[in-house]
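Colleague: I'd like to ask some things about the structure below.
Residue numbers (my numbering), protein chains in the order written: chain Z, 12 to 321; chain L, 6 to 679.
Spelled out as structure tokens, the structure:
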């Protein structure tokens, strides 16, 4: 179900982050609307975790601006409505799972919120009953991951930011994650990073693909008039193939210029134009890959980035 | 916030490294107490006069407590922020939905609470010791408050280090190195640049431990706290964009206070015996000399030198023109090396040396030495000997050994002089004491004393019924004995061991007795009367003490059946037992006491006899007695109950830490079982 809420709640503009002279985030801009479930996808080192750390206010960018409902990531109101889970979080050895949830709830909420209710809700949502009284250090990696994700859901926060949440989760728990993301209300915005394309396609409305700190593709998974094209040709060369009337119907947006080819988002509402484009791609050797729908485009783009075809 | 703070404290309690460190420091403190306690009992059994439970047990324990606090602070501190960062859980603090100041406080308070457990242990041991001895409670309170303040500053240093560290090991190393550097710098500063305005942690701690509250220390410690508290906040939230102007301003206020603390004057010595203050009379005399006081300590051991430095610190704080230097015995010439360790005081041409180890506490010993040095010039007390007088040096019960020791300790130079072998009474004799001559005097001896009196010399004459009183001296003074030994039958009925012991319980307004708060006892005393042959308008006789009514002058005191016999010429009534003669023309003071036994070793400690004797000497030499100098340490003994003894030996070092460890294991098991 794609939420059609166009109220912008997150705005990132010209974000730059360097670490030890290495550019981790390179002039990245994007916006996220309220209620969207956005997946951050990219290879290792693409900058997903850094972007998440910046979005949640854990680190400050050297340049650029992050605004959540017009406020800074350090704003207390934002923090109170933020659920966050970072990758590679380890167990606090002297706490049981329930004590950990209590600790998280107490640090997160303003005084008036009911800690017990919030914990009950996430326990039921994530089926934590069996591990609740076990020491964190005795939990399996999967259960620990589940516990750490679940704390982000405490108090049904308006913003959920999850860094590789399904890492170490078994297929059942991965599905639970997808279900829980789908269950989020229209007022809850979720941004999560992932390496799993299937899970991304199932859980997210929108995918932001990062590569070397740059935004490679902003893919709306529920957009039906959109297809993706990887080709060695320029926009002019592409447009030259089509008649003027077809050019009126189609819009080529160059998203990313790689060393070997370029990535285009093609928008057209005309089925004939789409078919012509497909035919062109089948015949043209300059075209590396044509993806007829956003959902189909994810894996090829991801592979192209991994294999260096882009 | 409170719940969160409690939960984080509980989290620290559960940490094995925190509990192991806590148990280790408690064991160390407990066994240290046991060792100090046993050492004290050993010294106590040797009847050492300068023993003080506070100095021997509490002070070293306070030092160990400070180190323990810092150690526990370091271990507890790395268990929070560096561990949370290392585990990737720092978002609990950084993304907390509570204001930055609150999130800072919830991190700092659990560390402070845990690090103050050694302090509580110290307090427990001190209170127990207080039950078994008579500690100076106010000094203990000051020391405990000092320990809190300095410990708090130390723990805040550690906390700040650990807000920078992103690994537990880094935090451990960083905070240990910084604390060690700070303490080393502080020690070095105290030794090398004692005049600097720098106020670190150690020197204020030492002063608090001595019971001194110095304004500069209070300001510096407050400055440190303000500075470190703000710094900690800034370091914790350095990545956040919360408002940092206010903590930054507060930080600079802290820096300002620390930097300028040395400029503030003022201090309070809050000890019962004013052990940290130089006697005001002595100070006045020192200032009159207007010369540097040079102290040279020939002492080898570093710890002993520290003791001397503590004494010097007191002198220096009051008399700025003081210097100290240390020398090793080996550096002296071979002819001096055998003498042992000593401390030499020099003021212009005057010298005074005292042997080390000191007989009394360091401050009192210094005061006595300086006082003695100053008095030597003009105020000798000379005991006449050669006619069977009670001797200040001899050891018989009828001699004046204890009185002699006391007045020597109070700084009067004392000499025993035979007027036949040394036929001169020196000009610097402040008081001549004749304590009951039993043999007749030679004419030239009598002449010497009469000349001395003629020149305005002061005299204390003690005469027993069997004493020989040189006739010309008696005539000059104008005071004679009434024949017979005074018998106080009512005193005997009241409990004295012999009727010939006169109890005086009604005191006059004379300065030597008006502040006494106890009885006086005069064994085998004689009554006195004024027999003034030539009336001198400048001379005034005053009765210092009178016997109660009903006392009679017994002629046969050895008889088994004592009774007043008027027919034999015995007199009954109230008699003068001590008379003062003051010559206004030359300010000469003479006191005649009809008894020498009251000041002898067998009776000087009865009732207020010793104080009366000292008051007489003080009045006659025109030097007020500094009562503190005479006062012994109240906490000179440690007498615990059987249970207390057991607790000192085993309770603090073994049982309590074991109990803590067992409690921890029990709670852990219970938690897991639940």
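Backbone N, C-alpha and C define an ideal beta-carbon position, used for all residues, glycine too. A quick note: this is a predicted structure, and the numbers were derived from the prediction, not measured.
At which residue ranges does the region 37-76 of chain Z contain complete beta strand (DSSP E) runs of 3 or more residues, listed in the order of the chain?
Modeller: Listed in chain order, they are 48-53.
Colleague: With DSSP run on the structure shown, which of helix, strand or coil describes residue 421 of chain L?
Modeller: Working through the second chain from its first residue, we reach residue 421 of chain L at position 416. Residue 421 of chain L falls in the strand class under three-state DSSP.
Colleague: I think residue 39 of chain L touches residue 649 of chain L, with their Cβ atoms under 8 Å apart; what is that distance to the nearest whole Å?
Modeller: The count along the second chain starts at 1 and reaches residue 39 of chain L at position 34. The count along the second chain starts at 1 and reaches residue 649 of chain L at position 644. At roughly 12 Å, the Cβ-Cβ gap does not stay under 8 Å, so residue 39 of chain L and residue 649 of chain L are not in contact.
Colleague: Closer than 7 Å, Cβ to Cβ, to anything on chain L: give me those residues from the region 86-100 of chain Z, in chain order.
Modeller: Under the 7 Å Cβ criterion, the region 86-100 of chain Z contributes 87, 90, 91, 93, 95, 97, 99, 100.
Colleague: When DSSP builds the beta bridges, which residues end up paired with residue 390 of chain L?
Modeller: Along the second chain, one-based indexing puts residue 390 of chain L at 385. According to DSSP, residue 390 of chain L bridges with L/423.
Colleague: Compute the Euclidean distance between the alpha carbons of residue 156 of chain L and residue 299 of chain L, then round it to the nearest angstrom.
Modeller: By 1-based counting over the second chain, the position of residue 156 of chain L is 151. By 1-based counting over the second chain, the position of residue 299 of chain L is 294. Cα-Cα distance, rounded: 35 Å.
Colleague: Taking the alpha-carbon of residue 166 of chain Z as reference, which of Z/196, Z/154, Z/304, Z/152 has the nearest alpha-carbon?
Modeller: Sequence index remark: in the first chain, residue 166 of chain Z carries index 155 (1-based). It is Z/196.
Colleague: Return no unless some Cβ of chain Z is closer than 8 Å to the Cβ of residue 103 of chain L.
Modeller: Indexing the second chain from 1 puts residue 103 of chain L at position 98. At least one chain Z Cβ lies under 8 Å of residue 103 of chain L.
Colleague: So residue 103 of chain Z packs on residue 94 of chain L, CB below 8 Å; how close in whole Å?
Modeller: For the purposes of this step, residue 103 of chain Z is taken as the residue at position 92 of the first chain. For the purposes of this step, residue 94 of chain L is taken as the residue at position 89 of the second chain. So it is a contact: roughly 6 Å between Cβ atoms.
Colleague: Measure the alpha-carbon distance for residue 163 of chain L versus residue 33 of chain L and round it to whole angstroms.
Modeller: Counted from its first residue, the second chain places residue 163 of chain L at position 158. Counted from its first residue, the second chain places residue 33 of chain L at position 28. Straight-line Cα distance between these residues: approximately 21 Å.
Colleague: Under a three-way DSSP split, which group does residue 368 of chain L fall into?
Modeller: In the second chain, residue 368 of chain L corresponds to position 363, counting from 1. Reduced to three states, the DSSP call for residue 368 of chain L is helix.
Colleague: For residue 599 of chain L and residue 425 of chain L, I'd like the C-alpha separation in whole angstroms.
Modeller: Indexing the second chain from 1 puts residue 599 of chain L at position 594. Indexing the second chain from 1 puts residue 425 of chain L at position 420. Computed Cα separation, rounded: 25 Å.
Colleague: Secondary structure at residue 548 of chain L, three-state DSSP: helix, strand or coil?
Modeller: On the second chain, residue 548 of chain L is found 543 positions in, with the first residue counted as 1. DSSP places residue 548 of chain L in strand when its eight states are reduced to three.
Colleague: On a Cα-Cα basis, can you pick out the residue from L/20, L/216, L/8, L/7 that is closest to residue 672 of chain L?
Modeller: The residue given as residue 672 of chain L occupies position 667 in the second chain. Closest by alpha carbon: L/20.
Colleague: Going by the CB atoms, is the gap between residue 613 of chain L and residue 523 of chain L shorter than 8 Å?
Modeller: Numbered from its first residue, the second chain carries residue 523 of chain L at position 518. Numbered from its first residue, the second chain carries residue 613 of chain L at position 608. It is a contact, given that the beta carbons lie within the stated cut-off.
Colleague: Going along chain Z in order, which residues have a C-beta closer than 8 Å to the C-beta of residue 99 of chain L?
Modeller: Locating residue 99 of chain L in the second chain gives position 94, counting from the first residue. Residues of chain Z passing the Cβ test: 68, 69.
Colleague: Counting only Cβ pairs nearer than 9 Å, list the residues of chain Z close to residue 16 of chain L.
Modeller: Translated into positions along the second chain, residue 16 of chain L becomes position 11. In chain order: 103, 105, 106, 110, 114.
Colleague: Using 8 Å as the threshold, is the C-beta distance between residue 437 of chain L and residue 609 of chain L below it?
Modeller: For this step, residue 437 of chain L is matched to residue 432 along the second chain. For this step, residue 609 of chain L is matched to residue 604 along the second chain. Cβ distance not < 8 Å, so residue 437 of chain L and residue 609 of chain L don't count as in contact.
Colleague: At a CB-CB cut-off below 7 Å, which residues of chain L make contact with residue 117 of chain Z?
Modeller: Start at 1 with the first residue of the first chain, and residue 117 of chain Z comes out as number 106. Those are 8, 9, 12, listed as they occur along chain L.
Colleague: Scan the region 235-268 of chain Z for residues whose Cβ lies nearer than 7 Å to a Cβ of chain L and list them as they occur along the chain.
Modeller: Answer set for the region 235-268 of chain Z: empty.
Colleague: Could you name the residues of chain Z that residue 19 of chain L contacts, counting a contact when the two beta carbons are closer than 9 Å?
Modeller: Taking the first residue of the second chain as 1, we reach residue 19 of chain L at position 14. Neighbours of residue 19 of chain L on chain Z, chain order: 104, 105, 106.
Colleague: Quick check on residue 146 of chain Z: does DSSP put it in helix, strand or coil?
Modeller: By one-based count along the first chain, residue 146 of chain Z stands at place 135. Strand, per DSSP.
Colleague: Which partner residues of residue 279 of chain L appear in the DSSP bridge assignment?
Modeller: Here the question's residue 279 of chain L lines up with position 274 in the second chain. Beta-bridge pairing links residue 279 of chain L to no other residue.
Colleague: Can you tell me which residues form a DSSP beta bridge with residue 203 of chain Z?
Modeller: The residue you call residue 203 of chain Z lines up with position 192 of the first chain. Residue 203 of chain Z pairs with Z/50, Z/173.
Colleague: Classify residue 578 of chain L as helix, strand or coil using the three-state DSSP reduction.
Modeller: Counting from one through the second chain, the residue named residue 578 of chain L turns up at place 573. Looking at residue 578 of chain L - three-state DSSP - the assignment turns out to be strand.
Colleague: According to the neighbour-count rule (16 or more other Cβ atoms, all chains shown, within 10 Å of its Cβ), is residue 554 of chain L buried or exposed?
Modeller: Here residue 554 of chain L is taken as the residue at index 549 of the second chain, counted from 1. That one is exposed.
Colleague: Can you give me the C-alpha to C-alpha distance between residue 667 of chain L and residue 18 of chain L, rounded to a whole angstrom?
Modeller: As a working mapping, residue 667 of chain L is identified with position 662 in the second chain. As a working mapping, residue 18 of chain L is identified with position 13 in the second chain. Cα to Cα, residue 667 of chain L sits roughly 13 Å from residue 18 of chain L.
Colleague: Let me check one thing: in DSSP terms, what residues is residue 66 of chain L bridge-paired to?
Modeller: Locating residue 66 of chain L in the second chain gives position 61, where the first residue counts as 1. Per DSSP, none; premise fails for residue 66 of chain L.
Colleague: Which two residues bound the contiguous alpha helix (DSSP H) that contains residue 198 of chain L?
Modeller: Taking the second chain and counting its residues from 1, the one referred to as residue 198 of chain L is at position 193. First-last for residue 198 of chain L: undefined, no H or E at that position.
Colleague: By Cβ distance, which residues of its chain are closer than 7 Å to residue 181 of chain L, with the 5 residues on each side in sequence left out?
Modeller: Within the second chain, residue 181 of chain L is the residue found at index 176, counting from 1. Taken in chain order, the residues that qualify are 79.
Colleague: Can you list the alpha helix (DSSP H) stretches of 4 or more residues lying completely in the region 282-321 of chain Z, in chain order?
Modeller: With a minimum length of 4 residues, the continuous alpha helix (DSSP H) runs that stay inside the region 282-321 of chain Z are 282-294, 305-318.
Colleague: For residue 437 of chain L, list the residues DSSP reports as bridge partners.
Modeller: Translated into the one-based positions of the second chain, residue 437 of chain L becomes position 432. Note: residue 437 of chain L sits in a beta bridge opposite L/387, L/464.
Colleague: Just checking: is the beta-carbon of residue 120 of chain Z within a distance shorter than 8 Å of some beta-carbon in chain L?
Modeller: Stepping through the first chain from its first residue, residue 120 of chain Z is reached at position 109. Yes, residue 120 of chain Z lies at the interface with chain L (some Cβ there is under 8 Å from its Cβ).
Colleague: Note down the Cα distance separating residue 157 of chain Z from residue 142 of chain L, rounded to an integer number of angstroms.
Modeller: Stepping through the first chain from its first residue, residue 157 of chain Z is reached at position 146. Stepping through the second chain from its first residue, residue 142 of chain L is reached at position 137. One C-alpha to the other measures close to 58 Å.
Colleague: Let me know the secondary structure DSSP gives residue 517 of chain L once reduced to three states.
Modeller: Numbered from 1 along the second chain, position 512 holds the residue referred to as residue 517 of chain L. Residue 517 of chain L falls in the coil class under three-state DSSP.
Colleague: Measure the C-alpha to C-alpha separation of residue 584 of chain L and residue 533 of chain L and round it to an integer number of angstroms.
Modeller: Locating residue 584 of chain L in the second chain gives position 579, counting from the first residue. Locating residue 533 of chain L in the second chain gives position 528, counting from the first residue. The straight-line gap from Cα to Cα measures roughly 7 Å.
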